[in-house]
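Counting from 1, position 207 in the sequence shown corresponds to residue 206 in numbering that gives the first Met the number 0; the numbering is continuous, with no gaps. See below for the structure under consideration.
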Amino acid sequence: MNDVLTQVHEGLERTLARLKRALAQPSIAAQNLGMAEMAELLTGELRSVGFSVESVPTQGAPVLLARLEGRRPDYLLFYNHYDVQPPEPVELWTSPPFEPTVREGKLYARGVADNKGAIFARLAAVESYLRARGRLPVGIAWVIEGEEEIGSVHLHQFVEARAELLRHALGCLWEAGGRNATDRYEIALGCKGILYVELRVRGAARDLHSAMAAIVPNPAWRLAWALENLKGPDERVQLPGFYESVRPPTPAQRALLAAWDYPEDEVRQLYGIPAFLEGLTGPALKERLLFGPTCNICGFHSGYGGPGSKTVLPAEAVAKLDFRLVPDQAPEEIVKALRAHLDAQGFTDVEIAWWEGERPFAGDPERPFVQKAVRAAERVYSHKPTVLPLMAGTGPVHLLCGQFGVPIVTAGVGYADSRAHAPDENIRLADFVQGIEYVAAVLDELEQG
Ligand SMILES: [Zn+2]
Numbered sequence: 000m001n002d003v004l005t006q007v008h009e010g011l012e013r014t015l016a017r018l019k020r021a022l023a024q025p026s027i028a029a030q031n032l033g034m035a036e037m038a039e040l041l042t043g044e045l046r047s048v049g050f051s052v053e054s055v056p057t058q059g060a061p062v063l064l065a066r067l068e069g070r071r072p073d074y075l076l077f078y079n080h081y082d083v084q085p086p087e088p089v090e091l092w093t094s095p096p097f098e099p100t101v102r103e104g105k106l107y108a109r110g111v112a113d114n115k116g117a118i119f120a121r122l123a124a125v126e127s128y129l130r131a132r133g134r135l136p137v138g139i140a141w142v143i144e145g146e147e148e149i150g151s152v153h154l155h156q157f158v159e160a161r162a163e164l165l166r167h168a169l170g171c172l173w174e175a176g177g178r179n180a181t182d183r184y185e186i187a188l189g190c191k192g193i194l195y196v197e198l199r200v201r202g203a204a205r206d207l208h209s210a211m212a213a214i215v216p217n218p219a220w221r222l223a224w225a226l227e228n229l230k231g232p233d234e235r236v237q238l239p240g241f242y243e244s245v246r247p248p249t250p251a252q253r254a255l256l257a258a259w260d261y262p263e264d265e266v267r268q269l270y271g272i273p274a275f276l277e278g279l280t281g282p283a284l285k286e287r288l289l290f291g292p293t294c295n296i297c298g299f300h301s302g303y304g305g306p307g308s309k310t311v312l313p314a315e316a317v318a319k320l321d322f323r324l325v326p327d328q329a330p331e332e333i334v335k336a337l338r339a340h341l342d343a344q345g346f347t348d349v350e351i352a353w354w355e356g357e358r359p360f361a362g363d364p365e366r367p368f369v370q371k372a373v374r375a376a377e378r379v380y381s382h383k384p385t386v387l388p389l390m391a392g393t394g395p396v397h398l399l400c401g402q403f404g405v406p407i408v409t410a411g412v413g414y415a416d417s418r419a420h421a422p423d424e425n426i427r428l429a430d431f432v433q434g435i436e437y438v439a440a441v442l443d444e445l446e447q448g
């Protein structure tokens, strides 16, 4: 593969200049800032490498769909996003978030790890491959959405419009990932799903003097009692049927868990906790982290929480909850079970104000595409990568690939201290270069069919 690597290294300075240009362009979906400009910049970059680019409209930010033919008719999917998280709090950045800056071998800017670095690593890999060999082994259909950081709210519209294209892909290079806390390269094959709900209880028409608590119901109590009915101190979620569709890991997935050197002591120290939930450790901890569904209270708001006292009877109480879901739990089923359970326990007054969800997907390490991706990592990183059947977080993997049976592997340029979503987001330049080489190596693995 030296022919391709030579091109990677000869083009490196130019690649970095292009990446920095993209990093200097804010594209904050949550604030609808710079989205069209970023889509235009990327379209130009993709076309300059030979992609045909289409802007597929949705009711939100358009999805860019870039296509390039290969020697064979089959094709890979690439999935990325051109939006970034808001940079706030800006005062905590060492250099301004949209002025990409190199310090001590690291490139700092909002979006560099999540995930503009990965976009330009892929672009450079494809360009270098074409320069060295004149054509790719297989085609590429590159999906770059603009709403990942706000929950991919309209991606389903793209998926409905292009289902046939997605269905026949041989595999997908997903966004995110890179090196883990032990500096090993890490590949994930799926992700957990999610159900996010806002629960609301209304009491009196307005906040009242707390003397009225003697005769007027308090919505904060109602909500607290309702929450108590969702999960017990034994950590079991009490919705009837919650665990019914949970599928245990396959033997191949269990083998991945066993090989995973999860740094539990370091994580415990980093988080400042004396022990994990229920004293979990070893294989049981790893299985729970990846294959255990959750019911988590994200926030609980009611009445007065400021300094000093205020004797108030609140008019409303709100709780935000997320349930991280595992195969084959479906958010639309869990939300139905939640409503039925609240009603059955006498909490018809607890409204589900709104909800949203994504389905989970766990990958199969025995799929040929996954095995090629793992081999490519061994070649580039000179060690066996950690392969996880799914990540503990959530993304639209099921929506874009999982529902069609298309295997995914994450391919990112981050590391444990990349600070995605936080001030001083950064990547190490050495990881960026290996990220380019990795994508080139995946393409090279596909030469053999
Ligand atoms: Zn993100």
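C-beta: ideal position from N, C-alpha, C; glycine also.
- When Glu446, Gln447 and Gly413 are compared, the shortest CA-CA separation from alanine 180 is found for Gly413.
- In this structure valine 334 does not touch phenylalanine 360 by the C-beta definition: roughly 19 Å separates them, more than the 8 Å allowed.
- With the rule of 3 Cβ pairs closer than 8 Å, the stretch 403-420 does not count as touching the stretch 203-218.
- The alpha-carbon separation between glutamine 24 and tyrosine 78 amounts to approximately 20 Å.
- Assignment of glutamate 355 by DSSP, reduced to helix, strand and coil, places it in the strand class.
- One Cα belongs to valine 373, the other to glycine 345, and the distance between them is close to 52 Å.
- The criterion of a C-beta distance shorter than 8 Å is satisfied by valine 52 and alanine 65.
- Remark: three or more beta-carbon pairs, one from each stretch, lie closer than 8 Å, so the stretch 110-127 and the stretch 160-176 are flagged as touching.
- Judged by DSSP in its simplified three-state form, aspartate 233 adopts coil rather than helix or strand.
- Only residues of its own chain outside the window of five on either side were considered, and among them Pro282 have a CB closer than 7 Å to the CB of alanine 257, listed in chain order.
- Taking 7 Å as the cut-off, the C-beta of glutamate 227 does not count as close to any heavy atom of ligand 1.
- Across the structure, alanine 28 and alanine 38 are spaced so that their CA atoms are roughly 12 Å apart.
- Taking C-beta atoms as the reference points, tryptophan 92 and proline 86 count as a pair closer than 8 Å.
- Under the three-state reduction of DSSP, aspartate 363 is assigned to coil, being neither helix nor strand.
- Counting only residues of its own chain and dropping the five nearest sequence neighbours on each side, glutamine 30 has a CB closer than 7 Å to the CB of Pro85.
- From the listed residues Glu36, Pro56, Gly404 and Thr100, the smallest Cα separation to leucine 15 is found for Thr100.
- Annotation: threonine 93 is outside any beta strand (DSSP E) and is labelled neither H nor E by DSSP.
- Note: asparagine 425 is bridge-paired with Tyr107 in the DSSP secondary-structure output.
- By the C-beta density criterion, proline 96 is buried, having at least 16 other C-beta atoms within 10 angstroms.
- Cβ neighbours of arginine 183 within its own chain (closer than 6 Å, five residues either side excluded): Thr385.
- Tyrosine 261 and glutamine 268 have their C-alpha atoms roughly 13 Å apart.
- Counting along the chain, the unbroken beta strand (DSSP E) around lysine 319 starts and ends at 315-324.
- A direct Cα-Cα distance of roughly 56 Å separates alanine 124 from proline 306.
- In the DSSP assignment, tyrosine 184 falls within the unbroken beta strand (DSSP E) covering 184-187.
- Taken through DSSP and simplified to helix, strand or coil, glycine 33 comes out as coil.
- Fully contained in the stretch 245-272 are the following alpha helix (DSSP H) runs of length 4 or more, in chain order: 250-258 and 263-270.
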